[in-house]
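What follows is a single structure, written as structure tokens, with notes after it.
Residue numbers (the working numbering), protein chains in the order written: chain A, 1 to 101; chain B, 1001 to 1101.
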């Protein structure tokens, strides 16, 4: 079982994660990605979904046309773990390839 | 430009749309789909995304593991139009093929 990060570890991981921040009112991290259009937004989601499924660790996300709001937390651990940080990094890498930094 | 449905027309369209209801506080329709797992939920989203893109009419949707909450409205028309009803029907047909009625 993967361990919940301490507030300090969470903060230090977030400092290296462009665009991500703490979600207020809940132990989770969030980022809103804004793409050029729906094609790019859903392309991002499709690639991220494959990563999520492969690692059996899934996002909560909302898509409205060209935006994708993502919330990551590890339910079993009751907070943010290394698995969330890894998925956030993978999402940033995919977005970067679509020109979103 | 596609016309906003009257409350009566909306109600009568909804009566034929299994699982859909009016969204409270906003002129829109909603349905929450619950699939077997993330694979099926995202498979549903992928097929629905292709329909949405083809018709240039996109949903607002949120996915958490095996659930997909969908809200449909036509921004330009300030309410629900035939385009929303058509997309809702298409989504129901896709879900039905995945065993969700």
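C-beta atoms are modelled at their ideal positions from N, C-alpha and C, and glycine is treated no differently.
It should be emphasised that the depicted structure is a prediction, and the values quoted were computed from it without experimental measurement.
Could you compute how far the alpha carbon of residue i sits from the alpha carbon of residue j?
i                       : j                       : result
residue 1060 of chain B : residue 62 of chain A   : 7 angstroms
residue 34 of chain A   : residue 41 of chain A   : 7 angstroms
residue 1071 of chain B : residue 30 of chain A   : 22 angstroms
residue 1017 of chain B : residue 4 of chain A    : 43 angstroms
residue 1080 of chain B : residue 27 of chain A   : 36 angstroms
residue 1075 of chain B : residue 9 of chain A    : 42 angstroms
residue 1092 of chain B : residue 1077 of chain B : 23 angstroms
residue 6 of chain A    : residue 24 of chain A   : 16 angstroms
Under 7 angstroms between C-beta atoms, does residue i make it to chain A?
i                       : result
residue 1038 of chain B : yes
residue 1055 of chain B : no
residue 1049 of chain B : yes
Can you pull the DSSP bridge partners for residue i?
i                       : result
residue 1060 of chain B : A:64, B:1071
residue 81 of chain A   : A:4
Kindly indicate if chain B contains any beta-carbon less than 7 angstroms away from that of residue i.
i                      : result
residue 122 of chain A : Here chain A has residues from 1 to 101 only, and residue 122 of chain A is not among them.
residue 90 of chain A  : no
residue 44 of chain A  : no
residue 2 of chain A   : no
residue 80 of chain A  : no
Check whether the Cβ atoms of residue i and residue j sit closer than 7 angstroms, and answer yes or no.
i                       : j                       : result
residue 1057 of chain B : residue 1083 of chain B : yes
residue 20 of chain A   : residue 90 of chain A   : no
residue 1065 of chain B : residue 1038 of chain B : yes
residue 49 of chain A   : residue 94 of chain A   : no
residue 85 of chain A   : residue 15 of chain A   : no
residue 101 of chain A  : residue 69 of chain A   : no
Can you check the stretch 1-44 of chain A for any beta strand (DSSP E) of at least 3 residues that lies completely inside it and give the ranges in chain order?
-> 29-34
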